[in-house]
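Chains A and B are the protein sequences, given in the same order. The numbering of the first sequence is the numbering used here, which starts it at 1089 and goes up by one. The numbering of the second sequence is the numbering used here, which starts it at 1089 and goes up by one. Just so you know, even glycine gets a beta-carbon here, dropped at the ideal spot from N, CA and C.
Protein chains: 2
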Amino acid sequence: MRDVAVIGAGLTRFGERWEHGLRELIAEAGMQAITDANIESKDIQIVYGSTMASGRFVGQEHLAALLADQMGFKNVPAVRVENACASGGSAVRQGYIAVASGMYDIAVIGGVEKMTDVTTAEATTALGGAGDQEWELAQGITFPGLYALIANRHMHEYKTTEEQMASVAVKNHRNAIKNKYAQFHKEITIDEVLKSKVVSDPLKVLDCSPISDGAAVIVLAPLESAKKYNDTPIKIAASSQASDTLALADRDSLTELKATRLAGRDAYAKARLKPTDINVAEVHDCFTIAEILAMEDLDFYGKGKAAKAVEEGETEINGKISINTSGGLKGCGHPVGATGVKQIAEIVTQLRGEAGERQVSGAEVGLTHNVGGSGATAVVHILNRVN
Amino acid sequence: MRDVAVIGAGLTRFGERWEHGLRELIAEAGMQAITDANIESKDIQIVYGSTMASGRFVGQEHLAALLADQMGFKNVPAVRVENACASGGSAVRQGYIAVASGMYDIAVIGGVEKMTDVTTAEATTALGGAGDQEWELAQGITFPGLYALIANRHMHEYKTTEEQMASVAVKNHRNAIKNKYAQFHKEITIDEVLKSKVVSDPLKVLDCSPISDGAAVIVLAPLESAKKYNDTPIKIAASSQASDTLALADRDSLTELKATRLAGRDAYAKARLKPTDINVAEVHDCFTIAEILAMEDLDFYGKGKAAKAVEEGETEINGKISINTSGGLKGCGHPVGATGVKQIAEIVTQLRGEAGERQVSGAEVGLTHNVGGSGATAVVHILNRVN
């Protein structure tokens, strides 16, 4: 196995992109990534596409073939990866394996989701397919309900408060203002979060990531040749993934995502790094409670300690550890198939020192954490600057 | 890269499995495969799941996590691959890369589709997502229509007849009778095919593969250690894949699937074999014309020569080349996400000499060919017996 680097990244603005379909979103992010990597379409050897539910959102399966076709990557192998909201991270990992194996030199990974062509009820049902259709969705529980169960139990066990959860949303909206690709450019207050409409108690609408359209594309190459393409290639120091039971009720604990714990520890071991070595992280805040869980399960904080740390500003940009500088899923938006790829793009931007107003000073090591469903899949990548 | 072998395979009966859902189908095929490979659940290191449209058929995405959960493969990475009707072959190929790379030793690939819980109209629409949703399906053309365009052009260019196409269905039904896992156990005649209801001229209902439920699971291991598990491991001599434009109208030719041509030639080169070295092949006969195209594009026959060869019996079991001994998609059934995995299982059975009444005498080398959509994806594997 050889080392792999990210040599290019591209994003669309996330949000309600009424005027654009899958093809336009892919092209917008894809052309940026190709340009950023200083390569041409003919250099691409394999393509991975990620989307969670394009079949249900817009009637289109076979997404990777569409991506290769739209981008003019003539006749290369194209593979769609779907792992619910962790589709993007999982696709990046398959691209990583393809390049690390020596079988392919240049891989493109493109994530996209077009969610706003259906009603919110239809989108919620489609997203329910990330959980256990027979034992959860068909019984009437959707994702806000599943994460509300987690939140309630976390509040019970660790005295986590609604204000602390709200502080995650406030921080991530504040970061999103500094990100031109983000869906929301609007500061919110703790009070606004608390007074927003209850979706599933204790989660209010401002505790939930939005329904979004958007795409993200990255380009991978062997580290040994990465400098040919790019002055600042970013090395993938670890790529790890774990799974857990599909249904929340089958887990040992409601307040820990075991898949995150396992993937995180595997990643630290592979990268020979400790949680305290991470300067900047994009973690999976589909709901505010999910960011708190992630901070704990990734060993940034002990169990029950993360909520207070957010409240006290330790995870702000240039805090003790900068979390979700892009605005996260909450502020930047969550086109599900694109999110895991976007997380990599944000860390690459940070490690290159190109994040502008939201730049973390001296960021050398970053982490991404992408979750599928209520934790049945977790994918963790650690990236570092090559000096 | 190291050599990879198939050490286990399992299948469910294909057909209308009203009494079984995704979970039961996966368990039925999965337990067989694990038993066949002489391994235990704890030996599994990574899982690939393939399904084309489980989201639209039964509301369940995140299929690989369900598979790992249902089979008790605790916490291993689980990845769903979707490439329309080539999902199975594409998932096998990702499993192959994972093992060949040296990163994983034992990989399980499970394909499943549960198609009979929706109406035929809903199934046809869902399957339309394999083509170009915006430029084909939304304009009113579904898959029988796309393949009818191909058939008409093939008839025009090469004087292929409806009787010749019908002879593909007749052969594949005859083979299916000898396969206990097949959906159809009923001989049909050329006359019955020709008189069956027209779906999209010139394709009649008996030219079309059916809507099916079913699952197929295989187990991969490094060839060097495969004999530990199994006396007759089957080597994967080549794993190749190519893509083409998503929409049929964008292609150079209507009568050749370029992706098949490219994947096939790449596979022959990798395996250092010629088309005449193949004893037995499972090719993608979603419609009868598709088997004829495959025989030509895989270089078994020159362009325009395959239809006559079928008619004259050259592709019967123990003919010049035995094609679709399982009954193919037409006779065995076509649960789309399972098909590409089932093809591998059939070739493994043949190369082990365990195919009973449908055994190809002295079969040493086999090929599988799995197509997504109208040819936007093609995956070809060549397998051989290890002596």
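Taking Arg1181(A) as the reference, which of Glu1149(A), Ala1218(A), Asn1412(A), Tyr1136(A) has the closest Cα? It is Tyr1136(A) whose Cα lies nearest to the Cα of Arg1181(A).
Gly1098(B) - containing beta strand (DSSP E), residue span: Going by DSSP, Gly1098(B) is part of the beta strand (DSSP E) stretching over 1092-1099.
State yes or no: is the C-beta of Ile1435(B) within less than 9 Å of the C-beta of Ala1326(B)? Contact flag unset, no.
Residues in the same chain with beta-carbon distance under 6 Å from Gly1392(B), minus the five sequence neighbours each way, listed in chain order, please. Contacts found: Tyr1246.
Give me the chain A residues within the contact set of Gly1143(B), using Cβ-Cβ distance strictly less than 8 Å, ordered along the chain. Near Gly1143(B) (Cβ distances below 8 Å), the residues of chain A are Ala1141, Gly1143, Arg1144, Ala1214, Gly1217.
Just to make sure I have the definition right: I need the residues of chain A whose C-beta is within less than 9 Å of the C-beta of Val1448(B). Which are they? Below the 9 Å Cβ cutoff, chain A contributes no neighbours of Val1448(B), its closest Cβ being approximately 29 Å away.
Specify the secondary structure class of Ser1178(B) as computed by DSSP and reduced to three states. In the structure shown, Ser1178(B) sits in a helix (DSSP, three-state: H, G or I).
If we define contact as Cβ-Cβ less than 9 Å, is Ala1369(B) a contact residue for chain A? No, because no Cβ of chain A sits closer than 9 Å to the Cβ of Ala1369(B).
Restricting to runs no shorter than 4 residues, where is the alpha helix (DSSP H) found entirely within the segment 1294-1363 of chain B? Entirely contained in the segment 1294-1363 of chain B, the alpha helix (DSSP H) runs reaching 4 residues are, in chain order, 1311-1314, 1346-1359.
Mapping DSSP to helix, strand and coil, what is Glu1402(A)? Glu1402(A): coil per DSSP, three-state reduction.
Less than 9 Å between the C-beta atoms of Pro1321(A) and Val1187(A), yes or no? Taking 9 Å as the Cβ cut-off, Pro1321(A) and Val1187(A) do not qualify as a contacting pair.
Chain-order list of residues whose beta-carbon lies under 6 Å from that of Lys1418(A) (same chain, five-residue window excluded): Hits under 6 Å: Ala1257, Asn1260, Ser1297, Asp1373.
Under three-state DSSP, which class holds Val1448(A)? If DSSP states are grouped into helix, strand and coil, Val1448(A) belongs with coil.
Return yes when the Cβ of Glu1222(A) is within less than 9 Å of the Cβ of Phe1145(A), no when it is not. Not a contact, by the Cβ cut-off of 9 Å.
In chain A, what lies closer than 7 Å to Glu1170(B) by C-beta? Residues of chain A passing the Cβ test: Glu1149, Arg1168, Glu1170.
Which residue marks the beginning of the alpha helix (DSSP H) containing Leu1471(A), and which one marks its end? Here Leu1471(A) belongs to no alpha helix (DSSP H); instead the beta strand (DSSP E) covers 1465-1473.
I'd like to know whether the C-beta atoms of Thr1413(B) and Glu1384(B) end up nearer to each other than 9 Å. Taking 9 Å as the cut-off, the beta carbon of Thr1413(B) is found no closer than this to the beta carbon of Glu1384(B).
Cutting at 8 Å between CB atoms, please list the residues of its own chain near Val1164(A), excluding the five before and the five after it. Same-chain partners within the cutoff: Ile1132, Gln1133, Ile1134, Val1135, Ala1156.
Within the 9 Å Cβ cut-off, does Lys1391(B) reach chain A? False, the Cβ-Cβ gap to chain A never drops below 9 Å.
Does the CB of Ser1284(B) have a neighbour CB from chain A at under 9 Å? Ser1284(B) has a beta carbon lying at 9 Å or more from every beta carbon in chain A.
So, helix, strand or coil for Cys1374(A), using DSSP? The answer is coil: DSSP assigns Cys1374(A) none of H, G, I, E or B.
What do you get for Lys1346(B), buried or exposed, if any count of 16 or more other CB atoms within 10 angstroms of its CB means buried? By the neighbour-count criterion, in which a residue is buried when 16 or more other Cβ atoms sit within 10 angstroms of its Cβ, Lys1346(B) is buried.
Please tell me whether Lys1346(B) has its Cβ less than 9 Å away from any Cβ of chain A. With 9 Å as the cut-off, Lys1346(B) counts as an interface residue toward chain A.
With H, G and I counted as helix, E and B as strand and the rest as coil, what does DSSP make of Ser1138(A)? When secondary structure is reduced to three states using DSSP, Ser1138(A) falls in the strand class.
So is Phe1375(B) in contact with chain E if we call contact Cβ pairs under 9 Å? The structure shown contains no chain E; its protein chains are A and B.
Please check the pair Ser1462(B) and Leu1336(B), which I expect to be a contact at CB under 8 Å, by giving their CB distance rounded to whole angstroms. Between Ser1462(B) and Leu1336(B) the beta-carbon gap is near 5 Å, inside 8 Å, which marks them as a contact.
Taking the alpha carbon of Gln1227(B) as the reference point, which residue from Gly1147(A), Val1167(A), Ala1304(A) has its own alpha carbon closest? By alpha-carbon distance to Gln1227(B), the top candidate from Gly1147(A), Val1167(A), Ala1304(A) is Gly1147(A).
Give the residues from the segment 1332-1359 of chain A that approach chain B closer than 9 Å (Cβ to any Cβ), ordered along the chain. Taking 9 Å as the upper bound on Cβ-Cβ separation, chain B lies near residues Asp1332, Thr1333, Leu1334, Ala1335, Asp1338, Lys1346, Ala1347, Leu1350, Ala1351 of the segment 1332-1359 of chain A.
Between which two residues does the beta strand (DSSP E) containing Arg1105(A) stretch? No beta strand (DSSP E) contains Arg1105(A), which DSSP labels as neither H nor E.
Take His1150(B) and list the residues in its own chain whose beta-carbon comes closer than 8 Å to its own, dropping the five residues that flank it on each side. Cβ within range, chain order: Arg1168.
Since Met1089(A) meets chain B, which of its residues come closer than 9 Å, beta carbon to beta carbon? Ordered by position in chain B, the residues that pass the 9 Å Cβ test against Met1089(A) are Ser1189, Gly1190, Met1191.
Please state whether the Cβ-Cβ distance between Val1429(A) and Gly1160(A) is less than 9 Å. A distance of 9 Å or more separates the beta carbons of Val1429(A) and Gly1160(A).
Between the CA atoms of Ser1300(A) and Val1206(A) - distance to the nearest angstrom: The straight-line gap separating the alpha-carbon atoms of Val1206(A) and Ser1300(A) is approximately 11 Å.
Should the segment 1435-1451 of chain B be called in touch with the segment 1286-1294 of chain B, which here means at least 3 C-beta pairs below 8 Å? Under the three-pair Cβ rule at 8 Å, the segment 1435-1451 of chain B does not count as touching the segment 1286-1294 of chain B.
Which residues in the same chain as Tyr1356(B) place their Cβ atom closer than 7 Å to its Cβ, once the five residues preceding and following it in sequence are excluded? These residues qualify, in order along the chain: Lys1362, Pro1363.
Who does Cys1173(B) pair with in a DSSP beta bridge? Cys1173(B) is bridged to Asn1171(B).
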